[in-house]
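Residue numbers (full-length UniProt numbering): 1 to 302. The beta-carbon is built from N, C-alpha and C at its ideal position, and this holds for glycine as well. Here's the structure we're looking at; comments come further down.
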Amino acid sequence: MAVSLSLHFPPIKTLHRESYPAISPLQPENNQAGKTVLVTGGAGGIGFAIATAFVQASASHVIIVGRRRGFLQDGVKRLQTEARATGTNTEISGYSSDVSDLEATEKLWAGLKEEGIVVDVLVLNAVALGPSGPLVDADLQSVWKAYKVNVRSLLDHTQRFYQQEGEKQKYLVSVSSSMAHNLDNENPFLSTYGATKNAGQVLIQQIARDVGPEKMQIVSFHPGAVYSEGAQTGGVTKDMVDFWDDAALPGNFAVWAATPEAKFLHGRFLAAWWDVNELKDVALQEKLVSDWHLLRVGVNGL
């Protein structure tokens with residue numbers, strides 16, 4: 001069974017499956033020097049690719065958060081190796097924490113404060129697929145667990161991030177999914193996963209409506225189709241998708257999304273596939289100003 005992940009957006013003619021110069025973390029415009037970056041679910045898959053890209057972009061400190069200590073420690077070592085290979089002085093840290101556990105999240109952020117660490121860039125990447133099949137037949141607790149990860153944890157981490165002391169510019173990057181809006185396909189995980197990602201995306205949109213980009217710039221994006229360990233663990237097989245993307249594409253796109261260049265996309269939903277040079281087209285920017293609903297999740301036809 002093949003699942004369509006197409007995100008058709010007519011103004012964008014160029015689609016990418018791999019990284020390209022405009023989003024390269026080595027570009028001066030994408031440099032993250034002086035920034036502390038925290039990536040939830042950062043020890044593997046897309047999260048690790050994002051953490052790697054911020055290391056390559058010379059972030060001062062990259063923090064990855066995950067549940068499994070051994071996996072987390074391995075991720076830290078791999079990022080340290082990347083820092084040496086890239087020639088950056090990025091400090092790498094790993095914190096064991098479950099995003100669905102409110103007490104664990106409180107402890108994480110309280111610990112950062114005690115250490116004098118202020119996070120400049122928050123990447124919300126941790127995810128739960130939830131049970132497959134129709135919601136009416138699913139185990140209620142399993143479905144609600146997915147809501148805790150894919151919805152509640154977004155608000156929990158965002159509030160703690162935003163409420164940090166100081167007036168420095170903050171950047172929030174939310175790794176969403178095409179299934180937040182593409183609710184008509186054959187993916188067996190659509191019922192729970194799609195519902196939770198939709199709710200999470202609307203939550204992030206509302207936060208962006210409440211807070212201007214000068215205080216906290218917010219960009220959400222579909223990362224593409226990356227065949228990660230998480231996908232395999234969730235029962236996703238290679239034949240379920242028509243193509244697979246290089247993990248560096250969403251990794252580097254996340255870095256670009258955390259720069260002033262992406263300010264005009266505050267509160268919008270994007271796809272890592274889309275060419276950012278075409279996104280920056282003046283005509284499209286003017287359309288974004290005139291049409292509040294463009295690139296936001298809502299109801300078709302209203």
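- In terms of Cα proximity to residue 274, the closest of 286, 289, 292 and 257 is 257.
- It is roughly 25 Å from the alpha-carbon of residue 238 to the alpha-carbon of residue 66.
- Taking a cut-off of 8 Å on C-beta distances, the segment 37–52 touches the segment 119–131, as three or more cross pairs fall below it.
- In the three-state reduction of the DSSP assignment, residue 108 falls in the helix class, which pools H, G and I.
- In this structure residue 293 is exposed. Its beta-carbon is surrounded by fewer than 16 other beta-carbon atoms within 10 angstroms.
- Spanning the alpha carbons of residue 205 and residue 267 requires a straight line of approximately 5 Å.
- For the pair residue 97 and residue 105, the CB atoms are nearer than the 8 Å cut-off.
- In this structure, the alpha-carbon of residue 108 lies about 30 Å from that of residue 23.
- Straight-line measurement puts the Cα of residue 31 at about 16 Å from the Cα of residue 19.
- By the C-beta density criterion, residue 21 is exposed, having fewer than 16 other C-beta atoms within 10 angstroms.
- By the Cβ test, the segment 204–223 is in contact with the segment 149–167, since at least three Cβ pairs between them sit closer than 8 Å.
- For the 8 Å CB-CB criterion, residue 202 and residue 53 do not form a contact.
- Looking at the DSSP output, residue 37 bridges to 62 and 121.
- CA-CA distance, residue 290 to residue 131, rounds to 40 Å.
- Exclusion of the five residues before and after residue 223 leaves 46, 175, 250 and 272 as the residues of its chain whose Cβ lies within less than 7 Å of its Cβ.
- Between residue 80 and residue 94 the beta-carbon gap is near 10 Å, outside 8 Å, which marks them as no contact.
- Counting only runs that start and end inside the segment 130–184, the beta strand (DSSP E) elements of at least 3 residues fall at 170–175.
- For residue 253, the enclosing alpha helix (DSSP H) begins and ends at 248–257.
- Bounds of any alpha helix (DSSP H) do not take in residue 218; it lies within the beta strand (DSSP E) bounded by 216–222.
- Judged by beta-carbon spacing, residue 49 lies beyond the 8 Å limit of residue 225, meaning their Cβ atoms are not closer than that value.
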